[in-house]
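Peer 1: Numbering (my numbering), first residue to last: 4 to 108.
1. Smallest Cα separation from residue 2: which of 58, 92 and 67?
2. Rounded to whole angstroms, how far is the Cβ of residue 41 from the Cβ of residue 17, which I believe are closer than 8 Å?
3. Could you tell me the alpha carbon to alpha carbon distance between residue 98 and residue 28, rounded to whole angstroms?
4. Please state whether DSSP places residue 43 in a helix, a strand or coil.
5. Is the beta carbon of residue 65 less than 9 Å from the beta carbon of residue 93?
6. When you compare each of 75, 89, 51 and 82 to residue 95 by their alpha carbons, which one comes out closest?
7. Quick check on the DSSP output: the alpha helix (DSSP H) that includes residue 76 runs from which residue to which?
8. Give the C-beta separation of residue 107 and residue 21 to the nearest angstrom, bearing in mind that I take them to be a contact with Cβ-Cβ under 8 Å.
9. Taking the straight line between their C-alpha atoms, what separation do you get for residue 45 and residue 12?
10. Where does the unbroken beta strand (DSSP E) through residue 25 begin, and where does it stop?
11. Once the 5 residues before and after residue 54 are set aside, which same chain residues still bring their CB inside 8 Å of it?
In C-alpha cells, the structure reads:
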C-alpha cells in the first residue's frame, strides 16, 4: 500500500490516466458530495462487493473516506484479496475539500 495526498489524486484525474477511485463512506456521507467518477462501496459492504466492482486485480485503485482511517481498512482487505496497485488517499474528503477541489453529487 502506498499513501498519497489529494494533490497526487487530483493530478491523476486531470491527466486522464486510467484509475479507479473508491469512496468507502456511508450513503449519508456520500449525499454531501463525492470525488468525480468515484465508485461508492461503503466499508460495511466492502469485502463482499470489491471483486464485483473491480474485477481486475491490476487496476490502479485509489481509496478514500472522510479522514483516511476507513480507507486504510479497505486497502488491507484489497491486499488480502490479491490486489496489487492500491493507494490510500491521506485525510480523504477533509483534505480534498480543504484544497477547494470540486465535488459532485
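In this text, a Cβ means the ideal position worked out from N, Cα and C, and glycines have one as well.
Peer 2: In short, the structure shows the following:
1. A query on residue 2 cannot be resolved here, the shown segment of the chain reaching from 4 to 108 and no further.
2. At roughly 15 Å, the Cβ-Cβ gap does not stay under 8 Å, so residue 41 and residue 17 are not in contact.
3. 15 Å
4. strand
5. no
6. 75
7. 72-83
8. Actually they do not touch by this definition, with Cβ atoms about 19 Å apart.
9. 20 Å
10. 23-26
11. 84
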